[in-house]
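Colleague: So that we are looking at the same thing, I have put the structure below in structure tokens.
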Amino acid sequence: MFKDREEAGALLADALANYKRKDALVLALPRGGLPVARVIARQLSLPLDILVVKKLGHPDDPELAIGAVSEHDYELNSLARSVSQHYIKEQIKKLQNTIITRTAFLRENKSAQAIRNRIIILVDDGVATGATMILAIHVLRKQQPREIVIATPVAPLETVSQLENVADTVVCLQKPVQFTAVGVFYQNFNEVDDATAQALLR
């Protein structure tokens, strides 16, 4: 069990010591991933940015993902083939507008870090099913990073195996077979509010 996200970040930073290099970038999945990523970035003297990814839902079942959208890119899966191009284009535009507004707010209008040809350390405070993280990886690949490293304090063993199929490297400190929720593995798992998220990115 981790005391809080900061302790988890410090332990992850130790495990990521080999990535203390000029071409590496720490990317947080906000908001929970930010406190963890901030500690990693500080300990390894690396720049920090965020990656906001939204699921693109099927028109008949919004919970069913047919793809994912980020600030400047999107990725569609095989389920998108049966969906109209008009719907897909409209949803991508709508989601990207939401994401651009959100990221500009969190970054306080600072420019995004470049992804191309860099080692990306993608951080969250824990991974349950891996669905969001896998979508994030697929979208990130469009920006041609040199390598994608997933860094998370805790994820079920089965999820880690799935992540290893899509990322170049997975660094996970705890891989429980029995898993209920990410928060169970923290003594302090308070919600990260917007003001805190902004402060962590300054």
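Mapped onto my numbering, the consecutive letters of the sequence shown carry residue numbers 1084 to 1285. All C-beta atoms, glycine included, are put in the ideal place defined by N, C-alpha and C.
Counting only the same chain and skipping the five closest in sequence on each side, list residues whose C-beta sits under 6 Å from that of residue 1272.
Modeller: 1266
Colleague: Check whether the Cβ atoms of residue 1252 and residue 1232 sit closer than 8 Å, and answer yes or no.
Modeller: yes
Colleague: Taking the C-alpha atoms as reference points, what is the distance between residue 1155 and residue 1219?
Modeller: 12 Å
Colleague: Quick one: complete beta strand (DSSP E) runs, 3+ long, within the segment 1243-1282?
Modeller: 1252-1257
Colleague: Please tell me whether residue 1208 and residue 1236 are closer than 8 Å, where the distance is taken between their beta carbons.
Modeller: yes
Colleague: Does the ligand ADP have a heavy atom nearer than 7 Å to the CB of residue 1103?
Modeller: With respect to the ligand ADP, the structure offers nothing, as it holds no ligand at all.
Colleague: Please confirm if the segment 1169-1181 is in contact with the segment 1121-1140, defined as three or more CB-CB distances below 8 Å between the two stretches.
Modeller: Yes, since at least three Cβ pairs between the segment 1169-1181 and the segment 1121-1140 fall closer than 8 Å, the two stretches touch.
Colleague: Residue 1106 and residue 1204: beta carbons closer than 8 Å?
Modeller: Against a cut-off of 8 Å, the Cβ pair of residue 1204 and residue 1106 comes out as no contact.
Colleague: Sorted by chain position, which residues of the same chain lie with C-beta nearer than 8 Å to residue 1094's C-beta, five sequence neighbours on each side aside?
Modeller: Excluding positions up to five away in sequence, the list reads 1085, 1236 and 1256.
Colleague: In its own chain, which residues sit with a C-beta less than 6 Å from the C-beta of residue 1186, not counting the 5 before and 5 after it?
Modeller: Within the same chain, and ignoring the five residues on either side of residue 1186 in sequence, the residues whose Cβ sits closer than 6 Å to its Cβ are 1135 and 1154.
Colleague: Measuring only the C-alpha atoms, how far is residue 1192 from residue 1228?
Modeller: 23 Å
Colleague: What do you reckon, are the CB atoms on residue 1152 and residue 1178 nearer than 8 Å?
Modeller: The Cβ atoms of residue 1152 and residue 1178 sit closer than 8 Å to each other.
Colleague: Which residues in the same chain as residue 1103 place their Cβ atom closer than 6 Å to its Cβ, once the five residues preceding and following it in sequence are excluded?
Modeller: 1127
Colleague: According to DSSP, residue 1157 sits in a beta bridge with which residue or residues?
Modeller: 1152
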